[in-house]
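*Asks:* Quick one: the structure is below, questions incoming.
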């Protein structure tokens with residue numbers, strides 16, 4: 040099999056897995072537009088609004104907490120199939136509620152799917168992809184997420200002209216890609232690393248051969264078998280010195296990706312424009328979100344181009360620095376009365392651009408790379424649960440925090456978290472580009488800070 044055919048195959052498989060990212064992005068962003076109409080129809084208080092926005096994220100925490108165990112036991116692909124079913128059920132359920140409670144339950148179900156898929160899709164892609172393009176392919180999942188976000192913003196904007204009842208169609212629209220994802224999963228293979236661990240080495244070799252060619256597949260399979268044979272497969276292994284450092288770093292990056300404040304723009308952007316900037320209609324606020332979604336997509340494409348050329352660390356440091364400046368500027372905008380529209384929009388766009396070029400894709404790439412085969416599912420589950428817990432806390436507290444310390448104080452707090460992120464990446468995060476998963480594992484064991492270097 041030619042290299043071109045092999046690359047086409049692995050890109051196709053990765054694109055199918057990344058459909059879950061599109062659904063992930065759509066489901067987390069659709070609330071941005073719908074929340075305006077939900078508040079009107081159900082007459083929600085600020086706390087109830089936070090609960091409506093956060094119900095999805097509560098499900099994400101649960102989904103991420105069990106996805107690692109499910110994927111280790113039943114396989115990555117089979118668990119993703121169940122995620123597709125949950126995505127579809129949530130899309131329909133969120134479009135039909137008559138009470139806030141019914142809406143929250145439907146969104147919680149969608150959160151189960153997002154939490155599981157956010158762990159499984161990058162893991163699956165990382166376990167299939169060749170080392171030299173692994174960062175690009177895992178980042179492809181992030182591109183699918185931002186595409187889903189932009190799609191949600193576009194649909195929200197178009198349906199805003201349908202009147203207050205259009206929010207139901209906003210949620211129902213996700214049912215179509217959910218069904219497509221379900222069908223497409225029956226045409227992709229299981230992860231070769233999971234197949235090897237399950238004793239299905241012949242099937243694993245077949246998948247590796249389609250991706251890398253027969254000769255390289257033999258070497259890859261031997262490396263996977265050696266890595267598995269050398270692992271205990273228990274959580275205790277994660278507490279060993281090298282792996283403990285990897286786990287702590289993964290949890291720190293996962294939490295910081297959220298508490299740097301990006302999702303205040305993704306979840307509450309329309310409310311910020313509608314309620315804090317005078318003279319903005321519902322459609323105008325949702326139109327501004329479309330522009331944010333376009334910038335998000337374009338800068339994610341930039342990240343895809345550079346993540347394997349220049350590495351994870353430089354992009355993360357640029358990203359954290361840019362977000363710190365933009366959050367500082369966004370907070371300063373709220374010192375004016377009324378806040379200048381151009382300053383708020385420019386700060387939001389710069390924040391989104393900075394996040395998309397580094398913190399968005401590179402954190403997911405690192406989480407998919409950092410752990411040994413047998414405990415990868417459990418370790419990523421811990422990191423991803425931490426990420427969704429931080430996201431839930433951010434979303435559930437933003438409106439109350441802005442009320443307590445003013446919007447300026449809230450965004451300046453997020454800016455300080457960006458500064459902390461920059462320091463952690465600069466001082467503590469190793470570079471992993473271009474290394475196989477087995478090489479990364481051996482280097483953690485040898486002592487990551489010395490063997491991998493910080494540059």
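Residue numbers (the working numbering): 40 to 494. In this text, a Cβ means the ideal position worked out from N, Cα and C, and glycines have one as well. None of these values were measured; they are calculated from a predicted model.
1) Judging by CA-CA distance, which residue of 196, 51, 73, 98 is the nearest neighbour of residue 326?
2) Residue 229 by DSSP, collapsed to three states: which one?
3) Quick one: what's got a C-beta closer than 7 Å to residue 321's C-beta in the same chain, skipping five residues either side?
4) Can you name, in chain order, every residue of its own chain whose Cβ lies under 7 Å from the Cβ of residue 493, other than the five neighbours on each side?
5) State the Cα-Cα distance for the pair residue 203 and residue 69, rounded to the nearest angstrom.
6) According to the Cβ coordinates, are residue 194 and residue 182 closer than 7 Å?
7) Measure the C-alpha to C-alpha separation of residue 324 and residue 247 and round it to an integer number of angstroms.
8) Ordered along the chain, which non-local residues of its own chain (more than five positions away) have a Cβ less than 6 Å from that of residue 125?
9) Any idea if residue 278 is buried or exposed, counting beta-carbon neighbours within 10 angstroms, 16 or more meaning buried?
10) Would you kindly work out how many angstroms separate the C-alpha atoms of residue 133 and residue 220, rounded to a whole number?
11) Decide if the stretch 429-437 is in contact with the stretch 97-115; the criterion is three or more beta carbon pairs, one per stretch, under 8 Å apart.
12) Taking 7 Å as the cut-off, decide whether the C-beta atoms of residue 332 and residue 188 are in contact.
13) Please classify residue 53 as buried or exposed, where buried requires at least 16 neighbouring CB atoms within 10 angstroms.
14) For residue 256, I'd like the list of residues in its chain whose CB is within less than 8 Å of its CB, leaving aside the five on either flank, ordered along the chain.
15) Consult DSSP for residue 379 and reduce its assignment to one of helix, strand or coil.
16) Measuring CB atoms only, is the stretch 171-180 touching the stretch 328-344, in the sense that at least three cross pairs come out at less than 8 Å?
17) Would you call the stretch 115-131 and the stretch 455-472 touching, i.e. three or more CB-CB distances under 8 Å?
18) For the putative contact between residue 66 and residue 109, defined by C-beta atoms under 8 Å, what is the C-beta separation to the nearest angstrom?
19) So, at 6 Å on beta carbons, what are the nonlocal neighbours of residue 144 in its own chain, with the 5 sequence-adjacent residues on each side left out?
20) Report yes if the C-beta distance between residue 418 and residue 338 is below 7 Å; otherwise report no.
21) By how many angstroms is the C-alpha of residue 185 removed from the C-alpha of residue 350?
22) According to DSSP, is residue 79 helix, strand or coil?
23) Mapping DSSP to helix, strand and coil, what is residue 490?
24) Cα-Cα, which of 450, 409, 398 is closest to residue 481?
25) Could you tell me which of 168, 385, 478, 293 sits nearest to residue 397, measuring between CA atoms?
26) Excluding the 5 residues flanking residue 441 on each side, which residues of the same chain have their C-beta closer than 6 Å to its C-beta?
27) Of all the options 404, 63, 78, 215, which has the alpha carbon lying nearest to the alpha carbon of residue 155?
28) Start and end of the alpha helix (DSSP H) containing residue 90?
29) Count the other CB atoms within 10 Å of the CB of residue 296; is the residue buried (16 or more) or exposed (fewer)?
30) Tell me which same chain residues have a C-beta within less than 6 Å of the C-beta of residue 488, skipping the five on either side of it?
31) Hey, out of 347, 157, 305, whose CA is closest to residue 60's CA?
32) Among residues of its own chain, excluding the 5 on either side of residue 420, which ones have a beta-carbon nearer than 8 Å to its beta-carbon?
33) Let me make sure I understand the geometry here. Which of 258, 346, 167, 394 has the alpha-carbon closest to that of residue 506?
34) Taking just the CA atoms, how far does residue 358 sit from residue 92?
35) Considering only C-alpha positions, which residue in the set 362, 354, 367 is nearest to residue 472?
36) Given a cut-off of 7 Å, decide if residue 115 and residue 230 are closer than it, judged by their beta-carbon atoms.
*Replies:* According to the structure shown:
1) 196
2) coil
3) 75, 199, 313
4) Any answer about residue 493 is weak, because its pLDDT of 41 lies below 50 and its placement is not dependable; what the coordinates show is given next. 469.
5) 15 Å
6) no
7) 48 Å
8) 148, 151, 152
9) exposed
10) 19 Å
11) yes
12) yes
13) buried
14) 244, 247, 248, 250
15) coil
16) yes
17) no
18) 20 Å between Cβ atoms; not a contact.
19) none
20) no
21) 21 Å
22) helix
23) Note that residue 490 scores 41 on pLDDT, short of 50, meaning its location in the model is unreliable and no value can be drawn from it.
24) 409
25) 293
26) 449
27) 63
28) 85-113
29) buried
30) Model confidence at residue 488 stands at a pLDDT of 45, short of 50, so the residue's coordinates are unreliable and nothing is read from them.
31) 157
32) 103, 104, 105, 106, 107, 108, 158
33) The displayed coordinates of the chain run from 40 to 494. Any statement about residue 506 would go beyond what the structure contains.
34) 26 Å
35) 354
36) yes
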